[in-house]
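Protein chains in written order, with the working numbering: chain A, 26 to 649; chain B, 112 to 185.
Shown next, in C-alpha cells, is the structure this report addresses.
Written out as C-alpha cells, the structure reads:
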C-alpha cells in the first residue's frame with residue numbers, strides 16, 4: 026500500500042514549526058466506524074449532536090473536524106466539533122460552517138444547507154475525525170514508537186491511539202533502526218490503544234525500529250528542510266490547502282515526481298475561513314520564498330495564493346499547470362529574474378505578476394493561455410520564445426524595456442485585446458516587440474497601445490504572417506516598425522478613467538528614501554505602488570516597491586543608493602484604472618460576424634466601457 | 112531545553128552564472144540553491160569550479176546543462 030490519492034493536506038501558519046505534524050487526512054479510508062447517529066431530530070439543525078457506540082468523544086476532540094464519509098440520509102463533508110459532553114459531540118452545521126464536496130474530486134466548499142443530514146435522526150453513518158486541521162498534533166512528539174522488521178503495525182507503549190485516528194497521517198520524524206524510513210504515513214487501521222496499522226512499513230524489511238518520534242494529525246508549517254520532501258510525496262488527486270496567513274519556504278522546492286496526470290491533478294488552494302471560501306486580495310495565504318525557488322511538477326492547479334521572493338525564477342510551474350487568482354512578486358535587485366516561469370500548455374488567468382528588475386511572466390515552450398492577468402512594474406512584462414501561446418485580455422503597464430517581448434523565430438502567437446501602458450509624460454520602452462530577425466506567425470489584434478517609444482517593434486523584414494490590426498496607438502514616439510499598418514487600426518486618445526503618474530526630476534536619495542522637496546506623494550498607496558528610478562547621479566536605476574511615504578518622501582523595499590545632486594528622475598504609477606472613454610467604443614474586431622446578422626461591439630483593449638443605464642443621457646449612470 | 116528539527120541556517124549569493132548558490136563561511140559557493148533536484152534526477156551535482164569567471168549576460172540553466180551532459184554520455 027501507499028499514501029492515498031484521496032488524502033487532503035492542510036497548512037496553517039500557526040502550526041507547530043519545522044513540518045513535524047502529520048498534516049493530512051484520507052477521506053477514503055476503508056476502516057472508518059459505521060455507527061454514527063445523532064440525538065433525536067438534531068441532524069438537520071445547525072447543531073447536530075452525534076454519538077457512536079464504538080467511540081466516546083472526548084474534550085480533546087473539540088476543534089477537530091468530524092468527517093462524514095457516507096450513510097443513508099447523511100450529507101458527506103467535514104463538520105467542526107464545537108463541544109463535547111457525555112461522550113457526544115455537538116457539531117457546527119450552520120450554513121457556511123461545514124465544508125462539503127462539490128465535485129467528484131477532493132475539493133470542498135462551504136455548506137449551503139443547514140445540518141449534517143437530510144433527516145432529523147439518521148443512523149449508521151460512516152465517519153472519522155480529521156485531526157489535521159488543528160495547529161498541534163493530537164499525538165504530539167512521543168518518542169516510543171517501535172516496529173518489527175517488515176511489519177506495518179507500529180507500537181507505542183504510551184497507548185496514545187484511538188480508533189478515530191484512522192485516516193489521519195502520522196509523521197515519523199526520527200527513527201532508531203538500520204534502514205528505517207522517516208516520513209509521512211497513513212494510519213490505515215486501528216488495533217488497540219498501543220498498536221495501529223500504517224499504509225506501509227517504515228522499516229527496511231530486515232531491521233526492527235526500536236524507538237521513534239511521531240506526530241499524529243496537526244497541520245503543516247513550511248519553513249523546514251523537509252519542505253521539498255513533503256511536496257515530492259504528494260500524489261495525483263491530492264489537495265493541499267493553505268489557510269490564510271504568512272508562510273516561509275524553508276528551502277528550494279523542485280519537484281521531480283510526475284505522478285499527476287491531465288485528469289488527476291494536484292491542487293494547491295488557499296482559503297480564508299473554511300475550505301472553499303472566497304479568497305481574494307490580501308486575504309490570500311502568502312508564501313514568502315526569500316531566495317528559494319519553488320518549482321512545481323506537471324499537472325498542478327494552483328489557486329488563491331500570494332508568492333513573494335527573489336529567486337530565479339521565483340515560481341516555476343510544470344507542463345499542464347493552471348495558475349489562477351494568484352499574485353507573484355519578485356523583489357530581487359538582480360536583473361532578469363522572473364516572478365513566474367510558466368511551463369508549457371499552461372493556463373494563467375486572473376493573476377498579478379511583478380518583478381521589479383526582471384520579467385513578470387516567462388512563457389513556456391508551447392501552447393499556453395494567458396488571460397485576465399495584470400502584469401506591472403517589471404523590466405519586461407511577459408516574455409517568451411516559443412510556440413502557439415495566446416495573450417488575451419491582460420493589462421501590462423510600467424515595464425521599462427517591453428510589455429510583451431517575443432524572442433523566438435516561430436512564435437505562432439496571438440496577442441488579443443490587451444491594454445499595454447507605457448507612460449503619459451515620457452514614453453518608455455516598447456509595447457510589443459519581436460526580436461528574432463526570422464520571426465513569423467504573430468497576430469496582434471484589438472490592443473490598446475499607449476505611451477511607448479515604439480508601440481510594436483518587429484525585427485523581421487515585413488512578413489504577411491506578422492499582422493497587426495484593430496489596434497489603437499496613442500502617445501507613442503513611433504507607432505510601429507517593420508510591420509504594415511492595420512487597415513482598421515486607429516490613433517485616438519483612449520481617455521483612460523484613471524491612469525496617473527507622479528513624475529519628478531530633482532529628487533535626492535539616501536539609503537531607501539527618496540526625497541522630493543516640494544513634492545506631493547499623498548496619492549501613493551504603500552505596498553501597492555512602485556517608483557521607477559530613471560536616472561540620477563549615484564542612484565541605482567530600477568524599480569522599487571514603495572513601503573511607506575510622507576508628503577515629500579518615499580521609502581522603498583530595496584536600497585536606492587545615495588544621490589545628493591538633486592537630479593534623480595523618477596516616476597510613480599499611482600492610478601491603474603484603464604477603463605476607456607468613447608473614442609475606442611465598439612471599434613474592435615470582429616465587428617460584423619461573417620455570414621450572420623450579428624455585430625460585435627467590442628472596445629479595443631482589455632477593458633470594456635461601462636455604459637450608461639438605459640435611457641441615460643448627459644452624465645453617466647453606471648449600471649450595477 | 113530546546114529541540115530543533117529540520118531547521119536550516121544557510122547563506123546564499125548570486126554567482127557569475129546568475130544562479131543563487133549556497134555559500135560557506137568564507138563566501139565561496141558550494142551548492143546550487145536547488146541542489147536536491149540534481150540528486151532526485153540522478154544528475155551530476157554542478158561544480159562551483161565551473162562557474163564562469165566573468166558575469167554572464169543570461170542565466171545558465173544548470174539543470175538543463177547537466178541533463179544535456181548526461182544525454183551526451185558525459
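All C-beta atoms, glycine included, are put in the ideal place defined by N, C-alpha and C.
Problem set entry | Supposed contact pair residue 158 of chain A and residue 209 of chain A - C-beta distance, whole angstroms, cut 8 angstroms | For the purposes of this step, residue 209 of chain A is taken as the residue at position 184 of the first chain. For the purposes of this step, residue 158 of chain A is taken as the residue at position 133 of the first chain. About 16 angstroms; that fails the 8 angstroms criterion.
Exercise. So who's on the other strand from residue 557 of chain A, going by DSSP bridges?
Worked result: Translated into the one-based positions of the first chain, residue 557 of chain A becomes position 532. The beta-bridge partner set that DSSP reports for residue 557 of chain A consists of A/568 and A/596.
For this session: Express the C-alpha separation of residue 137 of chain A and residue 640 of chain A in angstroms, rounding to a whole number.
Result: Here the question's residue 640 of chain A lines up with position 615 in the first chain. Here the question's residue 137 of chain A lines up with position 112 in the first chain. Confidence in residue 640 of chain A is poor, its pLDDT being 49 and thus under 50, which makes the residue's placement unreliable; the coordinate value appears in the next sentence. Straight-line Cα distance between these residues: approximately 39 angstroms.
For this session: Please name the residues in the region 267-279 of chain A whose beta-carbon is closer than 9 angstroms to at least one beta-carbon of chain B, in chain order.
Result: Correct list: 275, 276, 277, 278 and 279.
Problem set entry | residue 153 of chain B to residue 440 of chain A span [Cα, whole Å] | Taking the first residue of the second chain as position 1, residue 153 of chain B is located at position 42. Taking the first residue of the first chain as position 1, residue 440 of chain A is located at position 415. Residue 153 of chain B and residue 440 of chain A: Cα-Cα distance of roughly 40 angstroms.
For this session: Determine the burial state of residue 37 of chain A: buried for a count of at least 16 other Cβ atoms within 10 Å of its Cβ, exposed for fewer.
Result: Counting from 1 along the first chain, the entry for residue 37 of chain A is found at position 12. Residue 37 of chain A should be labelled buried.
Exercise. Are the C-beta atoms of residue 337 of chain A and some chain B residue less than 8 angstroms apart?
Worked result: To locate residue 337 of chain A, count along the first chain from 1; it is residue 312. So yes, residue 337 of chain A belongs to the interface.
For this session: Determine, using beta-carbon pairs with one atom in the region 399-411 of chain A and one in the region 367-385 of chain A, whether at least three such pairs fall under 8 angstroms.
Result: Below 8 angstroms, enough C-beta pairs join the region 399-411 of chain A and the region 367-385 of chain A to call them touching: three or more.
Problem set entry | Which residues DSSP lists as bridging residue 574 of chain A, in chain order | Within the first chain, the letter at position 549 stands for residue 574 of chain A. Bridge partners of residue 574 of chain A: A/579.
For this session: Could you name the residues of chain B that residue 253 of chain A contacts, counting a contact when the two beta carbons are closer than 8 angstroms?
Result: Translated into the one-based positions of the first chain, residue 253 of chain A becomes position 228. What residue 253 of chain A touches in chain B: 147.
Problem set entry | Minimum length 3: unbroken beta strand (DSSP E) runs contained in the region 167-214 of chain A | Entirely contained in the region 167-214 of chain A, the beta strand (DSSP E) runs reaching 3 residues are, in chain order, 170-172, 178-181 and 194-201.
For this session: Determine the direct distance from the alpha carbon of residue 629 of chain A to that of residue 190 of chain A, and round the result to whole angstroms.
Result: Along the first chain, read from residue 1 onward, the residue named residue 190 of chain A stands at position 165. Along the first chain, read from residue 1 onward, the residue named residue 629 of chain A stands at position 604. Each residue's alpha carbon lies about 58 angstroms from the other.
Exercise. Roughly how many angstroms lie between the CA atoms of residue 124 of chain B and residue 252 of chain A, to the nearest whole one?
Worked result: Within the second chain, numbered from 1, the residue matching residue 124 of chain B stands at position 13. Within the first chain, numbered from 1, the residue matching residue 252 of chain A stands at position 227. Looking at the two C-alpha atoms, the distance is approximately 21 angstroms.
Exercise. So residue 63 of chain A is in the beta strand (DSSP E); what residue range does that whole segment cover?
Worked result: For the purposes of this step, residue 63 of chain A is taken as the residue at position 38 of the first chain. Looking at the DSSP string, the run of the beta strand (DSSP E) that includes residue 63 of chain A is 58-63.
Problem set entry | Delimiting residues of the alpha helix (DSSP H) encompassing residue 148 of chain B | Taking the first residue of the second chain as 1, we reach residue 148 of chain B at position 37. Looking at the DSSP string, the run of the alpha helix (DSSP H) that includes residue 148 of chain B is 147-151.
For this session: Specify the secondary structure class of residue 122 of chain A as computed by DSSP and reduced to three states.
Result: The residue you call residue 122 of chain A lines up with position 97 of the first chain. When DSSP states are grouped into helix, strand and coil, residue 122 of chain A belongs to the coil group.
For this session: Have a look at residue 176 of chain A and residue 281 of chain A and give me their C-alpha separation to the nearest angstrom.
Result: Residue numbering aside, residue 176 of chain A sits at position 151 when the first chain is read from its first letter. Residue numbering aside, residue 281 of chain A sits at position 256 when the first chain is read from its first letter. Near 29 angstroms, if we compare the C-alpha coordinates of residue 281 of chain A and residue 176 of chain A.
Exercise. Helix, strand or coil: how does DSSP classify residue 657 of chain A here?
Worked result: As displayed, chain A neither begins before 26 nor continues past 649, which places residue 657 of chain A out of reach and without an answer.
Exercise. Do the region 220-235 of chain A and the region 162-175 of chain A meet, that is, are 3 or more Cβ pairs less than 8 angstroms apart?
Worked result: Verdict: yes, contact present.
Problem set entry | Chain-ordered neighbours of residue 281 of chain A on chain B, where CB pairs are closer than 8 angstroms | Walking along the first chain from the start, residue 281 of chain A turns up at place 256. Simply 148, 151 and 152.
Exercise. Taking the alpha helix (DSSP H) that residue 254 of chain A falls in, what are its first and last residues?
Worked result: Taking the first residue of the first chain as 1, we reach residue 254 of chain A at position 229. In the DSSP assignment, residue 254 of chain A falls within the alpha helix (DSSP H) that extends over 252-258.
Problem set entry | Length of the line joining the Cα atoms of residue 317 of chain A and residue 354 of chain A | Position 292 of the first chain, counted from the start, is the residue given in the question as residue 317 of chain A. Position 329 of the first chain, counted from the start, is the residue given in the question as residue 354 of chain A. If you draw a straight line from the Cα of residue 317 of chain A to the Cα of residue 354 of chain A, it comes to about 13 angstroms.
Exercise. Which whole-angstrom value is the C-beta distance of residue 445 of chain A and residue 472 of chain A, which I expect to be below 8 angstroms?
Worked result: Position 420 of the first chain holds residue 445 of chain A. Position 447 of the first chain holds residue 472 of chain A. So it is a contact: roughly 6 angstroms between Cβ atoms.
Problem set entry | Per-residue burial, residue 512 of chain A [other beta carbons within 10 Å of its own, 16 or more giving buried] | Taking the first residue of the first chain as 1, we reach residue 512 of chain A at position 487. It counts as exposed.
Exercise. Are the region 597-604 of chain A and the region 501-515 of chain A touching, with three or more C-beta to C-beta distances below 8 angstroms?
Worked result: They do not touch, by the three-pair rule.
Exercise. Below 8 angstroms, can you find three or more Cβ-Cβ pairs linking the region 580-591 of chain A to the region 529-540 of chain A?
Worked result: Using a Cβ-Cβ distance cut-off of 8 angstroms, the region 580-591 of chain A and the region 529-540 of chain A are in contact, since at least three pairs of beta carbons, one from each stretch, lie closer than that value.
For this session: Confirm, please, whether the CB-CB distance from residue 398 of chain A to residue 435 of chain A is below 8 angstroms.
Result: Within the first chain, residue 435 of chain A is the residue found at index 410, counting from 1. Within the first chain, residue 398 of chain A is the residue found at index 373, counting from 1. At least 8 angstroms separates the beta-carbon of residue 435 of chain A from that of residue 398 of chain A.
Exercise. What residues in the region 308-320 of chain A have a beta carbon less than 9 angstroms from any beta carbon of chain C?
Worked result: Looking at the structure shown, chain C is missing, and the protein chains on hand are A and B.
Exercise. By Cβ distance below 8 angstroms, which residues in the same chain neighbour residue 556 of chain A in space, the five residues on each side in sequence not counted?
Worked result: In the first chain, counting from the first residue as 1, residue 556 of chain A sits at position 531. So the qualifying residues of the chain are 539, 568, 569, 571, 579, 581, 595, 596 and 597.
Exercise. Roughly how many angstroms lie between the CA atoms of residue 39 of chain A and residue 307 of chain A, to the nearest whole one?
Worked result: Numbered from 1 along the first chain, position 14 holds the residue referred to as residue 39 of chain A. Numbered from 1 along the first chain, position 282 holds the residue referred to as residue 307 of chain A. So the two alpha carbons sit approximately 18 angstroms from each other.
Exercise. With a Cβ-Cβ cutoff of 8 angstroms, do residue 74 of chain A and residue 100 of chain A count as a contact?
Worked result: Start at 1 with the first residue of the first chain, and residue 74 of chain A comes out as number 49. Start at 1 with the first residue of the first chain, and residue 100 of chain A comes out as number 75. For residue 74 of chain A and residue 100 of chain A, no; Cβs fall outside 8 angstroms.
Exercise. Quick one: complete beta strand (DSSP E) runs, 3+ long, within the region 77-151 of chain A?
Worked result: Whole beta strand (DSSP E) segments, 3+ residues: 90-95, 102-110, 113-117, 124-126 and 133-135.
Exercise. Bridge partners of residue 52 of chain A, per DSSP?
Worked result: Taking the first chain and counting its residues from 1, the one referred to as residue 52 of chain A is at position 27. DSSP, once it has assigned bridges, lists no residue as partnering residue 52 of chain A.
Exercise. Using a C-beta to C-beta distance shorter than 7 angstroms, which residues of chain A count as neighbours of residue 172 of chain B?
Worked result: The count along the second chain starts at 1 and reaches residue 172 of chain B at position 61. The contacting residues do not exist; residue 172 of chain B stays about 10 angstroms from chain A at best.
Exercise. Since residue 175 of chain B is in the alpha helix (DSSP H), which residue starts that stretch and which ends it?
Worked result: By 1-based counting over the second chain, the position of residue 175 of chain B is 64. Note, residue 175 of chain B: alpha helix (DSSP H), 173-182.
Exercise. What do you get for residue 553 of chain A, buried or exposed, if any count of 16 or more other CB atoms within 10 angstroms of its CB means buried?
Worked result: Translated into positions along the first chain, residue 553 of chain A becomes position 528. Exposed, because fewer than 16 other Cβ atoms sit within 10 Å of the Cβ of residue 553 of chain A.
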